[in-house]
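The structure appears right after this line, and notes come after that.
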DNA sequence: GAAGTTCGTTACATAGGTAAACAGTTTTAC
DNA sequence: GTAAAACTGTTTACCTATGTAACGAACTTC
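Chains as they are written, first to last, in this note's numbering: chain A, -19 to 139; chain F, -19 to 139.
In structure tokens form, the structure reads like this:
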């Protein structure tokens, strides 16, 4: 009865009104992701590094001599997708594929000095971009957000 | 000095170690988004509705007689991208393009009964998917996450 | 009534990603 | 020992989700 009245007054089924996209975490997650990703692109786009390439470089610097398969696993993408990324980084001379004695299948990814330098510059730019984008959040709020996102990851990336 | 010792013991430059991807909100946002999106796809994939199409249907049900341009604006995508989405929804008979008296350029999107029914079923499935995926979070935590994501959106979608 | 704007649409371009197959190489099973 | 299985990097072919640029038709402004 009250439902019917509301429906008539607004033209919206209240059952639908109370269950719209804005209440969904997934929808808000995507919208937020698009915003951050767009700003990231603006930040590092001049440098010519996409998020994927930046992530790969970061992990190579962090874990020198990592193999492509390990790197793909850490990044959560397919091995095949990594080839182009490593090609790009090698073309920029940020790393090189080095043979590994004892296993001729694998090639270790070793960052060059240029790669480490480029990474330091890039991470500084990315930090500045996040500081700017999340300027209206307190350190505590950012920490909370980070930990909640990690909880989601922990659930989904469980092996 | 302590730095040098750490570097020698782990092989990792401490300046790099303390600034890796895991500390970035953007990186965690993307990883979390991929997980949620993948599960969403599994949930609704059988139904044949992508997230985009689901969102569009939701907004059409929520705002009957919305035009494509308005819908695109609400979804944060280009007008041109909406054509295929509306085509898909129309092919499923979930809505139809209706002429608007007084402006022959625009076409109002009006959901059919089938569309409303499909939406009710879909939103229930999506809610179940989120309940399952975020089962280890309290209601308060989910609320916090939602509000932090909306803060990001508010910043980026400012008109 | 001319100029500018808006609407839906098409034809691209691009980025990110998957899936399948491959030839070498190594490991495992018997 | 050797045959089968598994793994590595790679290529190729696809798919999906976007953005960009242009267009004709319709509307608005002045």
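Note that CB positions come from ideal geometry on N, CA and C, so glycine has one too. Just so you know, these numbers come straight off a predicted model, no measurement behind them.
Contact check for residue 132/F against residue 16/A passes: the beta carbons are separated by less than 9 angstroms. Between residue 51/A and residue 31/A, the C-beta spacing is not below 9 angstroms.
Of the candidates 127/A, 7/A, 48/A and 64/A, 64/A places its Cα closest to the Cα of residue 29/A.
Pairwise C-beta distances place the segment 114 to 130 of chain F in contact with the segment 118 to 136 of chain A, as three or more of them are shorter than 8 angstroms. The three-state reading of DSSP puts residue 116/A in coil, since its state is none of H, G, I, E or B. In the structure shown, residue 5/F adopts helical secondary structure according to DSSP, grouped into three states. At a cut-off of 9 angstroms between beta carbons, residue 132/A contacts chain F. The shortest CA-to-CA distance from residue 103/A to any of 5/A, 20/A, 11/A and 10/A is the one to 20/A. Just so you know, the alpha carbons of residue 66/A and residue 60/F end up roughly 34 angstroms apart. The DSSP-derived three-state label of residue 0/F is coil.
In the DSSP assignment, residue 68/F falls within the unbroken alpha helix (DSSP H) covering 59 to 71. In terms of CA proximity to residue 100/F, 34/F leads the group 34/F, 4/F and 8/F.
Around the CB of residue 49/F, fewer than 16 other CB atoms lie within 10 Å, so the residue is classed as exposed. Neighbours of residue 88/F across chain A, judged by C-beta separation under 8 angstroms, do not exist; the nearest C-beta is about 13 angstroms away. Only buried fits residue 95/A, as 16 or more other CB atoms lie within 10 angstroms of its CB. Residue-level contact by beta carbon fails for residue 58/F and chain A, as no gap is shorter than 9 angstroms.
Remark: C-beta atoms of residue 80/A and residue 71/A do not approach each other more closely than 9 angstroms. Distances from the CA of residue 2/F to each of 83/A, 82/A and 42/A were compared; the closest alpha carbon is that of 42/A.
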